[in-house]
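Protein chains in written order, with the numbering used here: chain C, 16 to 292; chain X, 16 to 292. Every residue gets a Cβ at the ideal spot worked out from N, C-alpha and C, and that includes glycine. Keep in mind it's a predicted model, so treat the numbers as computed, not measured. Taking it in order: structure first as structure tokens, then the write-up.
There are 2 protein chains.
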Amino acid sequence: MPQLHLHLLSDSTGETLEMIAKAALAQFEGVEVVRHFWPMVRSQQHLDRIMGEITRNRGLVVFTLVNPEIRIQLESRCAEAQLPTVSALDAVTESLSRMLGQEQLHRPGRQHQMDEAYFARVEAIQFTIAHDDGLLWEEWEEADIVLAGVSRTSKTPTSIYLANRGYKVANIPVVPESPPPPALYRLKRPMVVGLTTSPDRLVQVRRNRLLSLNQAPETDYVDKERVDDEVRYARRMFADNNWPVIDVTRRSIEETAAAVINLHNERRIGQAGTKPV
Amino acid sequence: MPQLHLHLLSDSTGETLEMIAKAALAQFEGVEVVRHFWPMVRSQQHLDRIMGEITRNRGLVVFTLVNPEIRIQLESRCAEAQLPTVSALDAVTESLSRMLGQEQLHRPGRQHQMDEAYFARVEAIQFTIAHDDGLLWEEWEEADIVLAGVSRTSKTPTSIYLANRGYKVANIPVVPESPPPPALYRLKRPMVVGLTTSPDRLVQVRRNRLLSLNQAPETDYVDKERVDDEVRYARRMFADNNWPVIDVTRRSIEETAAAVINLHNERRIGQAGTKPV
């Protein structure tokens, strides 16, 4: 398999760059890519150290450096070494610059400013962790989103993912033997979303879960008939309350979360997709 | 303040695109940007609906569409309406295509495949939630990273953020009155990192925390001398055990996490930054 060294340089956390690389690489297959991840490159000395590694592992250099001195240094040194470079954000930044009639600021890390939106996001994460798995249901009215679903429908990771995007999320397991607190049916502010999945898939996932916990794999928890009943009970609850339902059977966490955000946008403003910064 | 409508179209979750927009917008100021976020655009009908909204809110159209039919449709219809479009990932995808001697696949959502890495990440999130705040310390040896720090040094959100990037993280509050389980000092596999912050900042953050909980703002928890002692105690513990220390005083969660990842890379392979996909 051909191998490619991919050097990713950022003068901030490198998170955006990592996602760009992941999305772009997903469009190729049968290639072994060795990623070299270089965040927080903000000094000449740091760049010097990295250039040694880059020339030892020749490949493609992709960067999101906004500091012009470091950028020019990198570009000219790579040109000397005959290594291709790509500035990952130029197309978007340049269009914005034209549209706004403004030069870009060239200040690294500005997207990580600890502004109001930042603190709201941290609060969302804290809220979400404190309201996992039916905890503190007395405070559900403060949530943006409440996810309901039977065990192993990805409620927790989906909640956490949404929290990282700024939503305060609570989640509640749907268990026929133990009905949820009646407060669930009276929520005003939060959007309640039901998560469902195919019983076959659920039995599979739960069986793996029990194996990983070293527990006996033959209990009601993985009994096909019982699981059918459970899923039917949950679906009826969702329908009775007119909650939107997302089937997570073939969806990754990110895709489930994107579907939840779509529903939330539509509900919040009665016009899909508009969200002020 | 000038206003700009920014339309973000993706045929997948739109997460990468949202981060690109955030990073690029951070380089401009004094502008009011209204973001219109359109994820999962995979059909002609969906695009038809969106085009109505775009032409009603004229502005810049940025996209990460990989499906060529939808992309061509969008581009030609925006051209007709004299609206500028930018393809956010082209520079990187085209360079990769050249380097690899391969055409891109044009299949949306491939970065969200539920592969091994995906399930490892979900497991990391579940592990991290189960090991918040000193819980289940018997299992710490399974963690990649253990964060230690006094109350309100962002241990929990930093842990969650790292979990989203695939690291299994546990965290433990450092409290002089209640020493941590001795297991903490004997960990082999996990990297233990101490989080510290300036006592002044800590008093401030904690005071706000108490206010938000409607609790009396004058307790030991926010007493300057007590907080000084607490921070000193934590720093001594970190030094005695030779744990690397990160000062979070002026760092956002993302920046603290990037610093932790840097330390983890360096420790793991004795050579900063190299990480195979």
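Original post:
Around the Cβ of X/D147, are there at least 16 other Cβ atoms within 10 angstroms (buried) or fewer (exposed)?
Top reply: As a working mapping, residue 147 of chain X is identified with position 132 in the second sequence. X/D147 is buried by the Cβ-count criterion.
Original post:
If you draw a straight line from the C-alpha of X/A249 to the C-alpha of C/S267, how long is it?
Top reply: As a position in the second sequence, residue 249 of chain X is number 234, starting the count at 1. As a position in the first sequence, residue 267 of chain C is number 252, starting the count at 1. The straight-line gap from Cα to Cα measures roughly 40 Å.
Original post:
What first and last residue would you give for the alpha helix (DSSP H) that runs through C/H61?
Top reply: In the first sequence, the residue the question calls residue 61 of chain C occupies position 46. Q59 to R71 is the extent of the alpha helix (DSSP H) around C/H61.
**OP:** Using a Cβ-Cβ cut-off of 8 Å, state whether X/V207 counts as contacting chain C.
**Re:** Residue numbering aside, residue 207 of chain X sits at position 192 when the second sequence is read from its first letter. No, because no Cβ of chain C sits closer than 8 Å to the Cβ of X/V207.
Subject >> For C/A185 and X/V184, the rounded distance between their alpha carbons >> reply: Against the second sequence, residue 184 of chain X aligns to sequence position 169. Against the first sequence, residue 185 of chain C aligns to sequence position 170. Taking C-alpha positions only, X/V184 is separated from C/A185 by approximately 22 Å.
Original post:
At a CB-CB cut-off below 9 Å, which residues of chain X make contact with C/A96?
Top reply: Position 81 of the first sequence, counted from the first residue, corresponds to residue 96 of chain C. Taking the beta carbon of C/A96 as reference, no residue of chain X falls within 9 Å; the closest one sits roughly 15 Å away.
Original post:
Can you name the residues of chain X whose CB is closer than 7 Å to the CB of C/Q126?
Top reply: For the purposes of this step, residue 126 of chain C is identified with residue 111 of the first sequence, where counting begins at 1. The contacting residues are K37, A38 and A41.
Original post:
From X/Q75 to C/V275, what does the alpha carbon distance come to, in whole angstroms?
Top reply: Within the second sequence, the letter at position 60 stands for residue 75 of chain X. Within the first sequence, the letter at position 260 stands for residue 275 of chain C. Per the sequence shown, the amino acid found at residue 75 of chain X is Leu instead of Gln. Their Cα atoms are separated by approximately 25 Å.
**OP:** Go through the segment 178-260 of chain X residue by residue and report every complete run of the beta strand (DSSP E) that reaches 3 residues or more, in order.
**Re:** The segment 178-260 of chain X contains these whole beta strand (DSSP E) runs: 184-188 and 206-211.
Original post:
What separation, rounded to the nearest whole angstrom, lies between the Cα atoms of C/Y236 and C/H20?
Top reply: Position 221 of the first sequence, counted from the first residue, corresponds to residue 236 of chain C. Position 5 of the first sequence, counted from the first residue, corresponds to residue 20 of chain C. Approximately 46 Å, taken between the alpha carbons.
Original post:
Along chain C, in chain order, which residues have C-beta atoms closer than 8 Å to that of X/T83?
Top reply: On the second sequence, residue 83 of chain X is found 68 positions in, with the first residue counted as 1. The sequence shown places Pro at residue 83 of chain X, rather than the Thr named in the question. The contacting residues do not exist; X/P83 stays about 12 Å from chain C at best.
Original post:
Of the choices C/A231, C/E84 and C/T100, whose alpha-carbon is the least far from that of C/F78?
Top reply: In the first sequence, residue 78 of chain C corresponds to position 63, counting from 1. Sorting C/A231, C/E84 and C/T100 by C-alpha distance to the C-alpha of C/F78 places C/T100 at the top.
Subject >> Contact list for the segment 148-170 of chain C against chain X, Cβ threshold 7 Å >> reply: The residues in question: there are none.
Original post:
Rounded to a whole number of angstroms, what is the C-alpha to C-alpha distance between C/N257 and C/V218?
Top reply: As a position in the first sequence, residue 257 of chain C is number 242, starting the count at 1. As a position in the first sequence, residue 218 of chain C is number 203, starting the count at 1. Cα to Cα, the separation comes out at about 26 Å.
Subject >> Limits of the unbroken beta strand (DSSP E) element including C/S102 >> reply: On the first sequence, residue 102 of chain C is found 87 positions in, with the first residue counted as 1. Element bounds for C/S102: T100 to S102.
Original post:
CA-CA distance, C/S110 and C/I175?
Top reply: Sequence index remark: in the first sequence, residue 110 of chain C carries index 95 (1-based). Sequence index remark: in the first sequence, residue 175 of chain C carries index 160 (1-based). One Cα belongs to C/S110, the other to C/I175, and the distance between them is close to 33 Å.
Subject >> Secondary structure of X/L115, DSSP reduced to three states >> reply: Here residue 115 of chain X refers to the residue found at position 100 of the second sequence. In the structure shown, X/L115 sits in a helix (DSSP, three-state: H, G or I).
Original post:
In chain order, what residues of the same chain lie with their CB nearer than 6 Å to the CB of X/V49, ignoring the 5 residues before and after it?
Top reply: Here residue 49 of chain X corresponds to residue number 34 of the second sequence, with the count starting at 1. Apart from the 5 residues on each side of it in sequence, X/V49 sits with its Cβ closer than 6 Å to the Cβ of H20 in its chain, given in chain order.
**OP:** Assuming C/L210 and C/S166 form a contact by the criterion Cβ under 8 Å, report the distance between their Cβ atoms to the nearest whole angstrom.
**Re:** In the first sequence, residue 210 of chain C corresponds to position 195, counting from 1. In the first sequence, residue 166 of chain C corresponds to position 151, counting from 1. So it is not a contact: roughly 11 Å between Cβ atoms.
Subject >> C/A296 versus X/K239: straight-line alpha-carbon distance, rounded >> reply: Lying outside 16 to 292, the shown extent of chain C, residue 296 of chain C is not represented and no answer is given.
Subject >> Identity of the residue in X/F142, X/T31, X/E153 and X/P195 nearest X/E164 by Cα >> reply: Counted from its first residue, the second sequence places residue 164 of chain X at position 149. Sequence check: residue 164 of chain X is Gly here, not Glu. If we check each option's Cα against that of X/G164, X/P195 comes out closest.
**OP:** Spell out whether any CB of chain X is found under 8 Å from the CB atom of C/N179.
**Re:** Counting from 1 along the first sequence, the entry for residue 179 of chain C is found at position 164. Yes, because at least one Cβ of chain X sits closer than 8 Å to the Cβ of C/N179.
Original post:
Under the three-state reduction of DSSP, which class applies to X/Q18: helix, strand or coil?
Top reply: Position 3 of the second sequence, counted from the first residue, corresponds to residue 18 of chain X. Here X/Q18 sits in strand by DSSP.
Original post:
Does DSSP put C/V56 in a helix, in a strand, or in coil?
Top reply: Position 41 of the first sequence, counted from the first residue, corresponds to residue 56 of chain C. Looking at C/V56 - three-state DSSP - the assignment turns out to be coil, as it is neither helix nor strand.
Subject >> 8 Å Cβ cutoff, C/M55 in contact with chain X >> reply: Here residue 55 of chain C is taken as the residue at index 40 of the first sequence, counted from 1. Yes, C/M55 counts as interfacial toward chain X.
Subject >> Residues bridged to X/A163 [DSSP beta-bridge criterion] >> reply: The count along the second sequence starts at 1 and reaches residue 163 of chain X at position 148. Secondary-structure assignment with DSSP links X/A163 through a beta bridge to X/I187 and X/G209.
Subject >> Proximity to X/I187 [Cα-Cα], best of X/T171, X/L202 and X/A178 >> reply: By 1-based counting over the second sequence, the position of residue 187 of chain X is 172. For X/I187, the nearest C-alpha among the options comes from X/T171.
Original post:
What is the DSSP secondary structure of C/E270, reduced to helix, strand or coil?
Top reply: Along the first sequence, read from residue 1 onward, the residue named residue 270 of chain C stands at position 255. In the structure shown, C/E270 sits in a helix (DSSP, three-state: H, G or I).
Original post:
Among residues of its own chain, excluding the 5 on either side of X/S227, which ones have a beta-carbon nearer than 6 Å to its beta-carbon?
Top reply: By 1-based counting over the second sequence, the position of residue 227 of chain X is 212. When the five nearest sequence neighbours on each side are left out, no beta carbon in the same chain lies closer than 6 Å to the beta carbon of X/S227.
**OP:** Quick one: which residues of the segment 91-119 of chain C get their C-beta closer than 9 Å to a C-beta of chain X? List them in chain order.
**Re:** Answer in chain order: P99, T100, V101, S102, A103, L104, D105, A106, V107, T108, E109, S110, L111, S112, R113, M114, L115, G116, Q117, E118 and Q119.
Subject >> Cutoff 7 Å; reference X/D262; Cβ partners in own chain excluding five residues on either side >> reply: Position 247 of the second sequence holds residue 262 of chain X. Within the same chain, T211 and T212 come within 7 Å of X/D262 by CB-CB distance, once the 5 residues on both sides are set aside.
Subject >> C/T108 and X/A39 closer than 8 Å at C-beta >> reply: Here residue 108 of chain C refers to the residue found at position 93 of the first sequence. Here residue 39 of chain X refers to the residue found at position 24 of the second sequence. Yes. Within cutoff.
**OP:** Measure from the alpha carbon of X/Q119 to the alpha carbon of each residue in X/A96, X/T143 and X/L80, then state which is nearest.
**Re:** As a position in the second sequence, residue 119 of chain X is number 104, starting the count at 1. For the residues X/A96, X/T143 and X/L80, the minimum Cα distance to X/Q119 belongs to X/L80.
**OP:** For the beta strand (DSSP E) containing C/F78, list its first residue and its last residue.
**Re:** Taking the first sequence and counting its residues from 1, one reaches residue 78 of chain C at position 63. Per DSSP, C/F78 belongs to the beta strand (DSSP E) from G74 to F78.
**OP:** List the residues of chain X whose Cβ lies closer than 8 Å to the Cβ of C/G29, in chain order.
**Re:** As a position in the first sequence, residue 29 of chain C is number 14, starting the count at 1. Within chain X, the residues near C/G29 are A273.
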